[in-house]
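Numbering (the working numbering), first residue to last: 17 to 462. Where is the CB? At the ideal position from N, CA and C, for every residue including glycine. Remarks on the structure that follows.
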């Protein structure tokens, strides 16, 4: 035990000692682009994350997937390069360049050796400023997206998750898939993509986070040379992000999706919290104890080890700029579904009625603090992390203070947030499995 405690203390000391190494510079360029910079000379490489406030929040419901398609099209050809040339030039210098969209934002991610940074930055600026959105390439991308959506419909876990978010979020953008549906993808036109690009892909909506072997002066010279033509254009036709209201769940909702499977896929949960919720740290510790701590969690010990009803079960808060969700996910035999759901509810009730042990609290804190540095192991992880700190307004000293925030969580906090944010009554339960072996009436009666 002394050895475990000593290792935990060592982790904390290491993180506190290294926290100063992640103190970054922040500035805003005249065009409104936010710059975050961290000079790390441990290896001659640079990582860049360009986070753009372009997401499903900004697209019409009947054109769901527009943000996703627009982002992907950036790499499908520019005024200077075809999609093939982009890929070949990136491969030639051993770099990587990707675009991804989620429910809150779109990111362009670039990693490259310092000696090839000039070339890589030229490509990055080209795909950002000069995309052609060629009609044929758009149709190819739409076909690929629809094919991917159809393929995913064969995955029980995907089907369950899609139904779960639709039920708890309803008409909110979080209630639909980022990549849209077959019908909404088909409805997207080149004009839609151009309008979305012109509206949202602007410097003032963007955060450029850079970590690696590059000084701030070197970075600014690259920006002046390659991104000087990136402007905010005419703001007259700018659309604002849509505002959505999420209704509080007042009753339980149970959905059984009939599939001839030997294992039922279960998602149990309800609405959660926003990323900037002041109880975030207490919720993080509480969730680790409940189901986020792998084999150390209560759900894993009870449902897997004691009852032998699954190979794995986990819980997590999906945290976003708007209210997120709380999810518990598990697979079990169809016949065991009711017993598993009952045990999930029992474990939630225990957290709400009784204090966790001091040992559970210590173990959770030790793991969360000790594993935190792994989020900052590479330049790209750092660039991503800094961009998220700024986007979610977590505070410039977030990295430095994280251990203190986690250490400040008390036994009373765990019980309080379990009572405030969890429920074993008004929840949504989605099961993908054999309907003849899973009774919805039995579930309702739980």
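Using a threshold of 8 Å, state whether the C-beta atoms of residue 189 and residue 286 are closer than that.
Remark: C-beta atoms of residue 189 and residue 286 do not approach each other more closely than 8 Å.
Where residue 453 and residue 329 are concerned, what is the direct C-alpha to C-alpha distance, given to the nearest angstrom?
Taken atom to atom, the span from the alpha-carbon of residue 453 to that of residue 329 is near 21 Å.
Rounded separation between residue 353 and residue 280 - CA only:
Within the model, the alpha-carbon separation for residue 353 versus residue 280 is close to 7 Å.
Let me make sure I understand the geometry here. Which of 134, 110, 130 and 140 has the alpha-carbon closest to that of residue 123?
Here the closest residue by C-alpha is 140.
With DSSP run on the structure shown, which of helix, strand or coil describes residue 345?
If DSSP states are grouped into helix, strand and coil, residue 345 belongs with the strands.
Spatial neighbours of residue 129 in its chain, beta-carbon cut-off 7 Å, leaving aside the 5 residues before and after
Excluding five sequence positions before and after residue 129, the CB atoms of its chain that fall closer than 7 Å to its own CB belong to 60, 61 and 110, given in chain order.
Look at residue 216 and residue 70 and say whether their C-beta atoms are less than 8 Å apart.
Against a cut-off of 8 Å, the Cβ pair of residue 70 and residue 216 comes out as a contact.
Neighbourhood of residue 376 by C-beta distance below 6 Å, restricted to the same chain and skipping five residues each side
For residue 376, where only same-chain residues beyond five positions count, the Cβ hits under 6 Å are 305.
On a Cα-Cα basis, can you pick out the residue from 272, 96 and 65 that is closest to residue 394?
The alpha carbon of residue 394 has as its nearest neighbour, out of 272, 96 and 65, the alpha carbon of 65.
When DSSP labels each residue in this structure, what does residue 224 get in the three-state scheme?
Collapsing the DSSP output to three states places residue 224 in a strand.
Opposite residue 441 in the DSSP bridges: which residues?
None; residue 441 has no bridge partner.
Since residue 60 sits in a beta bridge, which residues does DSSP pair it with?
In the DSSP output, where bridge partners are listed per residue, residue 60 has none listed.
Could you work out which residue in 94, 320, 307 and 127 is closest to residue 331 when comparing CA atoms only?
Ranking 94, 320, 307 and 127 by CA distance to the CA of residue 331 puts 307 first.
Helix or strand or just coil, what does DSSP make of residue 218?
Three-state result, residue 218: coil.
In whole angstroms, give me the CA-to-CA distance for residue 232 and residue 371.
Rounded to the nearest angstrom, the two C-alpha atoms are 49 Å apart.
For the candidate residues 209, 42 and 73, whose alpha-carbon lies nearest to that of residue 55?
The residue with the shortest Cα to Cα distance from residue 55 is 42.
Any contact of the region 440-454 with the region 263-273, i.e. 3+ C-beta pairs under 8 Å?
Verdict: yes, contact present.
If contacts are defined as beta-carbon pairs under 8 Å, then residue 195 and residue 165 qualify, I think. What distance do you get, rounded to the angstrom?
Between residue 195 and residue 165 a beta carbon distance of about 6 Å is seen, short of the 8 Å cut, so the two are scored as contacting.
Cutoff 7 Å; reference residue 88; Cβ partners in own chain excluding five residues on either side
For residue 88, where only same-chain residues beyond five positions count, the Cβ hits under 7 Å are 115 and 157.
Inspect the beta-carbon positions of residue 63 and residue 227 and report whether they are closer than 8 Å.
Yes, the pair counts as a contact, with Cβ atoms nearer than the cut-off.
Helix, strand or coil, according to DSSP, for residue 297 in the structure here?
Of the three classes helix, strand and coil, the one that applies to residue 297 here is helix, per DSSP.
Closest by CA to residue 436, which one among 299, 334, 337 and 402?
Of 299, 334, 337 and 402, the residue nearest in Cα terms is 299.
For residue 35, which option in 292, 102 and 388 has the closest C-alpha, if you only look at C-alpha atoms?
The option with the nearest alpha carbon to residue 35 is 388.
Give me whichever residues DSSP pairs with residue 319 in a beta bridge.
Answer is none; residue 319 lacks a bridge partner.
Return the first residue and the last residue of the beta strand (DSSP E) that residue 272 is part of.
Start and end: 269-274.
Which residues in the same chain as residue 455 place their Cβ atom closer than 8 Å to its Cβ, once the five residues preceding and following it in sequence are excluded?
Cβ contact annotation for residue 455 (same chain, cutoff 8 Å, sequence separation greater than five): 354, in chain order.
Residue 126 versus residue 264 - alpha carbon distance
Counting only the Cα atoms, residue 264 lies some 40 Å from residue 126.
Apart from the five residues just before and just after residue 90, which ones in its own chain have a Cβ nearer than 6 Å to its Cβ?
115, 143 and 147, listed in sequence order.
Short of 7 Å in beta carbon distance, which residues of its chain neighbour residue 309, apart from the five on each side in sequence? Order them along the chain.
Cβ within range, chain order: 380 and 383.
Just to confirm the assignment: which complete beta strand (DSSP E) runs, minimum length 3, are found wholly within the region 36-92?
Those beta strand (DSSP E) runs which fall completely within the region 36-92 and span 3+ residues are 41-44, 50-55 and 61-68.
Are the beta-carbon atoms belonging to residue 402 and residue 73 less than 8 Å from one another?
No; because the gap between Cβ atoms is not below 8 Å, this pair is not in contact.
Residue from 391, 404 and 350 with nearest C-alpha to residue 276:
Residue 350 is the option with its Cα nearest to residue 276.
Using beta-carbon positions only, say whether residue 430 and residue 356 come within less than 8 Å of one another.
Between residue 430 and residue 356, the CB-CB gap reaches or exceeds 8 Å.
Let me know if residue 93 comes out buried or exposed under the rule of 16 or more other beta-carbons within 10 Å of its beta-carbon.
It counts as buried.
According to DSSP, is residue 280 helix, strand or coil?
Here residue 280 sits in strand by DSSP.
Does the Cβ of residue 243 have 16 or more other Cβ atoms within 10 Å, making it buried, or fewer, making it exposed?
Label assigned to residue 243: buried.
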